[in-house]
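J.: What follows is a structure written as C-alpha cells; I'll ask about it next.
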Amino acid sequence: MMAPVILDFAPSPVELKQRDTDLSAPEEGTLLRSSSCLQGSQRPRPRQFTMTGALSKHWLCLALILLGIPYVGTISEPLEPGTSIVLRGHVPGDSDRFQVDLQCGSSVKPRADVAFHFNPRFKRANCIVCNTLRNEKWGWEEITYDMPFKKEESFEIVIMVLKEKFQVAVNGRHILLYAHRIPLDKVDTLGIRGQVTIRSVGFCFSPVPKSDMPQFTLPYVAKLNSSMGPGRTVVIKGEVNTCAKGYERDRRSGKALPGWHSGLHSLKSRGGGRGVASFNVNLRSAKSRAIALHLNPRLNSKAFVRNSFLQESWGEEERNITCFPFSPGMYFEMIIYCDVRDFKVAVNGAHSLEYKHRFKELGDVDTLEVDGDIRLLEVRSW
Numbered sequence: 018m019m020a021p022v023i024l025d026f027a028p029s030p031v032e033l034k035q036r037d038t039d040l041s042a043p044e045e046g047t048l049l050r051s052s053s054c055l056q057g058s059q060r061p062r063p064r065q066f067t068m069t070g071a072l073s074k075h076w077l078c079l080a081l082i083l084l085g086i087p088y089v090g091t092i093s094e095p096l097e098p099g100t101s102i103v104l105r106g107h108v109p110g111d112s113d114r115f116q117v118d119l120q121c122g123s124s125v126k127p128r129a130d131v132a133f134h135f136n137p138r139f140k141r142a143n144c145i146v147c148n149t150l151r152n153e154k155w156g157w158e159e160i161t162y163d164m165p166f167k168k169e170e171s172f173e174i175v176i177m178v179l180k181e182k183f184q185v186a187v188n189g190r191h192i193l194l195y196a197h198r199i200p201l202d203k204v205d206t207l208g209i210r211g212q213v214t215i216r217s218v219g220f221c222f223s224p225v226p227k228s229d230m231p232q233f234t235l236p237y238v239a240k241l242n243s244s245m246g247p248g249r250t251v252v253i254k255g256e257v258n259t260c261a262k263g264y265e266r267d268r269r270s271g272k273a274l275p276g277w278h279s280g281l282h283s284l285k286s287r288g289g290g291r292g293v294a295s296f297n298v299n300l301r302s303a304k305s306r307a308i309a310l311h312l313n314p315r316l317n318s319k320a321f322v323r324n325s326f327l328q329e330s331w332g333e334e335e336r337n338i339t340c341f342p343f344s345p346g347m348y349f350e351m352i353i354y355c356d357v358r359d360f361k362v363a364v365n366g367a368h369s370l371e372y373k374h375r376f377k378e379l380g381d382v383d384t385l386e387v388d389g390d391i392r393l394l395e396v397r398s399w
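Position one of the sequence shown corresponds to residue 18 (my numbering), numbered consecutively onward.
Right, dumping it as C-alpha cells:
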C-alpha cells in the first residue's frame, strides 16, 4: 500500500471499417520559426488556462510557428509517453477535409509509413477518420462521428502520446483514443495537409507514470505535505477505467455504501449504483470533517459536479462547464490550483472550471481523498 503522504494534466463511439484512403503525400512546407525549450512565464499557456505558475512546473514546451500547407517537418525529439502535440488553427469555410499525420520519415516514393492518420472530413459524413499506413497499404479505419470541428471556426488539437495509444482532445474536450499499430520509436515526422490554416504547433512534455509502477490503492487518503493556501497546487494523474462501474454519490445522505468509504465520510449511491461511472477528489480538513472542495466527474451524465461539505451538510452543487473533459479509457492529469478567491481546475492542460471558496479556513485543509472508477497513478503537490 502506498505511503499516505503526498510528496510533492470508452473512447468516443468508433466504427471500424476498411476503406481506401488518400495515398497522396504532402509536399514539404516551410518552418518559419522555432524556439528552444521555453521556461517560466515564457512557456505557451494552454487554452484559457491561467495557472501559469502551476503549469510551468509541470510542462516543458517547444513552440513552432508554421507557414505553408502542405507541411512536412522532422520532429526534433523522440515521441515518448507524456509528449503532447498541440496544433492551433482555423477551418476555412470551403474546407472538405484536412489531415494530420505522424509519419515514419518523409519519403514520397515509396510513401512513408503513417503511424497515426487523423483526418476530419466535412463533406457528407462529417466525421473524423483515423488509420495507419504501412507498406503503402491502409489498415482498418476507425471512424468517430462526434465531430468537434466547424467551418470558419478556430480550433486547438492536443494529441497526447501514451504508451499504448494516442489520445486526442479538441478545444479541451476528449474526442478519441487510437491504439498504436506502429512502434513509437519509428515516428519522426509531422505532416499536415488539406484545407486548413495552422497558426502554431507546440510540443509539450509532462512525465507519464510508467504502467509497471505500483498503483495507488483506492480509496486513497493522504496528508498534504503542507496545508492548502493561495499558490498551492495538487496534481493527480490517472486513467479512467475502460469498463467503469462506479457510483454517483448522494450528497444528502450519510448512510454507508458497502465497500466504499471516503475518509471520515460515508456517502450513499444514487440511481442504482452499478453502471454509473464516476470518481471523486476531495480536499478536506481532518480536524473539522469539512470538505472544502469536492470534485465528482460523472461520465454517464457528463456532469462535473463541485460541492463543499460544511457543518455536517452538503451545499448547493455546481455543474456548469463548457465541455466535459473525461471519457472511459482516457489518461488524465488534473491540476488543482488554489487561488486567493477560488480553486482553479485544469484537465490535460486545458482550463476546466473555477470554484469559489466556501470554506474560509484554507490553512485547515490538509488531506486529499481520491476514489472511484479510475486507476490512480501519481499524486503530487507543491
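Every residue, glycine too, gets a C-beta built ideally from N, C-alpha and C.
In angstroms with no decimal places, state the Cα-to-Cα distance between Val387 and Ser330.
T.: As a first step, residue 387 is located in the sequence shown; it is residue number 370 there, counting from the start. As a first step, residue 330 is located in the sequence shown; it is residue number 313 there, counting from the start. One C-alpha to the other measures close to 20 Å.
J.: Whole beta strand (DSSP E) runs in the segment 336-380 with 3 or more residues, listed along the chain?
T.: Whole beta strand (DSSP E) segments, 3+ residues: 348-355, 359-364 and 367-373.
J.: Along the chain, where does the beta strand (DSSP E) that runs through Arg323 open and close?
T.: Counting from 1 along the sequence shown, the entry for residue 323 is found at position 306. Run containing Arg323: Ala320 to Leu327, per the beta strand (DSSP E) assignment.
J.: Identify whether Lys180 lies in helix, strand or coil by the three-state DSSP scheme.
T.: What you label residue 180 is simply residue 163 of the sequence shown in a count that begins at 1. Three-state result, Lys180: coil.
J.: Am I right that Pro178 and Leu235 are in contact with their C-beta atoms under 8 Å? What's the rounded C-beta distance?
T.: Translated into the one-based positions of the sequence shown, residue 178 becomes position 161. Translated into the one-based positions of the sequence shown, residue 235 becomes position 218. Position check: residue 178 holds Val in this sequence, whereas Pro was assumed. With a Cβ gap of about 26 Å, Val178 and Leu235 do not count as contacting.
J.: Run the CB neighbour count on Pro439, radius 10 Å, all protein chains shown included, and call it buried at 16 or more, exposed below.
T.: For the chain, the structure presents residues 18 to 399; residue 439 sits outside this window and is missing.
J.: Please determine, among His191, Phe183 and Pro98, the residue with the shortest C-alpha to C-alpha distance to Pro345.
T.: Here the question's residue 345 lines up with position 328 in the sequence shown. Checked all of His191, Phe183 and Pro98; the closest Cα to Pro345 is His191.
J.: Buried or exposed: where does Arg249 fall if 16 or more other Cβ atoms within 10 Å of its Cβ makes it buried?
T.: For this step, residue 249 is matched to residue 232 along the sequence shown. Buried.
J.: Run through the DSSP bridge pairs and tell me what Leu316 is partnered with.
T.: By one-based count along the sequence shown, residue 316 stands at place 299. Partner(s): none; Leu316 has no beta bridge.
J.: Are at least three pairs of beta-carbons, each pair with one atom in the segment 192-207 and one in the segment 356-364, less than 8 Å apart?
T.: Segments in contact, no.
J.: With DSSP collapsed to three states, give me the class of Asp130.
T.: Walking along the sequence shown from the start, residue 130 turns up at place 113. Here Asp130 sits in strand by DSSP.
J.: Across which residues does DSSP place Asp388 in a beta bridge pair?
T.: By one-based count along the sequence shown, residue 388 stands at place 371. Asp388 is bridged to Asn297.
J.: Determine whether the beta carbon atoms of Thr161 and Leu119 lie at a separation below 8 Å.
T.: Here residue 161 refers to the residue found at position 144 when the sequence shown is read from its first residue. Here residue 119 refers to the residue found at position 102 when the sequence shown is read from its first residue. It is not a contact, given that the beta carbons lie outside the stated cut-off.
J.: Can you tell me whether Val108 is helix, strand or coil according to DSSP?
T.: For the purposes of this step, residue 108 is taken as residue 91 along the sequence shown, with counting starting at 1. Looking at Val108 - three-state DSSP - the assignment turns out to be coil, as it is neither helix nor strand.
J.: Can we say the segment 133-143 touches the segment 111-125, given the rule of at least three CB pairs closer than 8 Å?
T.: Yes, the segment 133-143 is in contact with the segment 111-125.
J.: Can you tell me which residues form a DSSP beta bridge with Gln120?
T.: Taking the first residue of the sequence shown as position 1, residue 120 is located at position 103. Partner(s): Val131 and Thr206.
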